[in-house]
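Participant: Quick note on numbering: the numbering used here labels position 108 of the sequence shown as 122, and the sequence is numbered without any gaps.
All residues carry an ideal CB built from backbone N, CA and C; glycine is no exception.
This one's a predicted model, so the numbers in the text were calculated from it and none came from an experiment.
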Amino acid sequence: MSPPPFYKDLTKAVSDLLTDDYSLKNTLKLKHTTPHAVAFTAENEHKGASGVAGKLQLKYAHKPSGFSLDKVVLGPDGGTSVECSLAGVAEGLKLTAKINDAIKGDVGTEFVGARMALKTEVNTELTKITSSATAAYDGVNAGGIVIAKLPGDKPAALSDYNAGLSYGGTGWFTALTTSNKMATYNVSASYAPAANLTTAVLASTTPESGAQTVTVGLKYQCNPATVLRAKMTSEGMVHAAMQNKCCEGVSVGVATEMNTKDMQPKFGFNCTLG
15 MSPPPFYKDL TKAVSDLLTD DYSLKNTLKL KHTTPHAVAF TAENEHKGAS GVAGKLQLKY
75 AHKPSGFSLD KVVLGPDGGT SVECSLAGVA EGLKLTAKIN DAIKGDVGTE FVGARMALKT
135 EVNTELTKIT SSATAAYDGV NAGGIVIAKL PGDKPAALSD YNAGLSYGGT GWFTALTTSN
195 KMATYNVSAS YAPAANLTTA VLASTTPESG AQTVTVGLKY QCNPATVLRA KMTSEGMVHA
255 AMQNKCCEGV SVGVATEMNT KDMQPKFGFN CTLG
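1. If we call anything under 8 Å between Cβ atoms a contact, is residue 227 one with residue 247?
2. Please name the residue, chosen from 285, 207, 197, 150, that lies closest to residue 181 on a Cα-to-Cα basis.
3. Would you please state the rounded distance, in angstroms, between the beta carbons of residue 288 and residue 88? I believe it to be under 8 Å.
4. Between residue 242 and the ligand PLP, is there a pair consisting of the residue's CB and a ligand heavy atom that are separated by less than 7 Å?
5. Taking 6 Å as the limit between beta carbons, can you name the residues of its chain near residue 145, skipping five residues before and five after?
6. Going by C-alpha distance, which of 21, 35, 22 is nearest residue 258?
7. Based on the DSSP output, what are the partners of residue 35 in its beta bridges?
8. Whole angstroms are fine: how far does the CA of residue 40 sit from the CA of residue 188?
9. Nearest to residue 231 by alpha carbon, out of 138, 203, 90?
10. For residue 46, count the other beta carbons within 10 Å of its own beta carbon; 16 or more makes it buried, fewer makes it exposed. Which is it?
11. Please report the straight-line C-alpha distance between residue 262 and residue 155, rounded to a whole angstrom.
12. Apart from the five residues just before and just after residue 109, which ones in its own chain have a Cβ nearer than 7 Å to its Cβ?
13. Drop a sphere of 10 angstroms on the beta-carbon of residue 173, count the other beta-carbons inside from all chains shown, and report buried for 16 or more, exposed for fewer.
14. Go ahead and label residue 112 buried or exposed: buried means 16 or more other beta carbons lie within 10 angstroms of its beta carbon, across all protein chains shown.
15. For residue 260 and residue 284, I'd like the C-alpha separation in whole angstroms.
16. Could you tell me which residues DSSP puts in a beta bridge with residue 103?
17. Locate the beta strand (DSSP E) running through residue 155, then write down its first and last residues.
18. Would you please state the rounded distance, in angstroms, between the beta carbons of residue 21 and residue 198? I believe it to be under 8 Å.
19. With a 10 Å radius around its C-beta and 16 neighbouring C-beta atoms as the bar for buried, classify residue 64 as buried or exposed.
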């Protein structure tokens with residue numbers, strides 16, 4: 015039996031299907047891994063009249079020690095951010111840190127056991143703590159998250175708190191979660207009627223205000239190299255995307271969105287080499 019996901023990944027099966035590949039950015043990525051397993055990614059984004067913005071990212075894992083540079087980014091503004099972790103501190107325990115060059119970010123711990131996943135993060139200014147837990151039993155994953163302001167200039171207080179549960183099997187998945195201090199209820203589900211086709215739906219409702227939103231989407235694997243995606247929201251937004259692996263080390267993608275109220279499409283293009 016696989017361990018449960020962290021709370022933030024409780025509905026990952028649906029959220030990934032409804033968000034992946036829909037970016038309208040125009041980007042070119044160059045990827046390279048050195049003989050010493052240092053992975054580099056250089057990304058350039060065309061921003062129209064603003065010109066081209068680029069960033070450099072690297073990743074490296076030293077397996078004997080458990081230390082990993084999960085993401086080191088040199089941004090277009092010259093700023094640097096580092097995400098690193100140290101696994102093996104104890105069985106199932108990992109230490110994490112996400113820091114920028116202003117020494118601001120989060121440090122935390124992650125624990126994954128056979129039936130439980132725990133995660134806690136504290137920001138470097140010691141003003142906020144985020145803690146979540148997920149437990150698994152007989153195929154059901156249930157958990158919750160709490161975000162609190164730490165005492166300082168202002169008294170301690172809960173900023174947000176939510177809970178959720180999920181259950182799935184071969185070719186299907188469903189989950190119920192909350193957001194906005196349990197004021198909003200979210201139902202998400204996915205179903206694969208065929209090996210190359212997966213459908214998904216995300217519906218949210220806020221009883222107090224009466225607000226409701228629905229997003230439906232699908233992913234279709236045309237062939238081993240080509241994936242098509244499409245989704246539509248209750249606000250009238252229509253999205254479509256295609257990703258194609260042209261050959262070894264080369265993939266291209268295109269995405270578009272259109273509001274049915276004005277029928278003015280927008281487009282994005284991406285190319286990845288390496």
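Facilitator: In terms of the structure at hand:
1. yes
2. 150
3. About 18 Å; that fails the 8 Å criterion.
4. Ligands are entirely absent from the displayed structure, and the ligand PLP is therefore not among its contents.
5. 134, 160
6. 35
7. According to DSSP, which records beta bridges pairwise, residue 35 is partnered with nothing at all.
8. Cα to Cα, residue 188 sits roughly 34 Å from residue 40.
9. 203
10. exposed
11. 38 Å
12. 99, 100, 103, 123
13. Classification of residue 173: exposed, given that the 10 Å Cβ count is below 16.
14. buried
15. 13 Å
16. BP columns for residue 103 are empty, so no partner.
17. For residue 155, the uninterrupted beta strand (DSSP E) segment begins and ends at 154-163.
18. Residue 21 to residue 198, Cβ: 16 Å. No contact.
19. exposed
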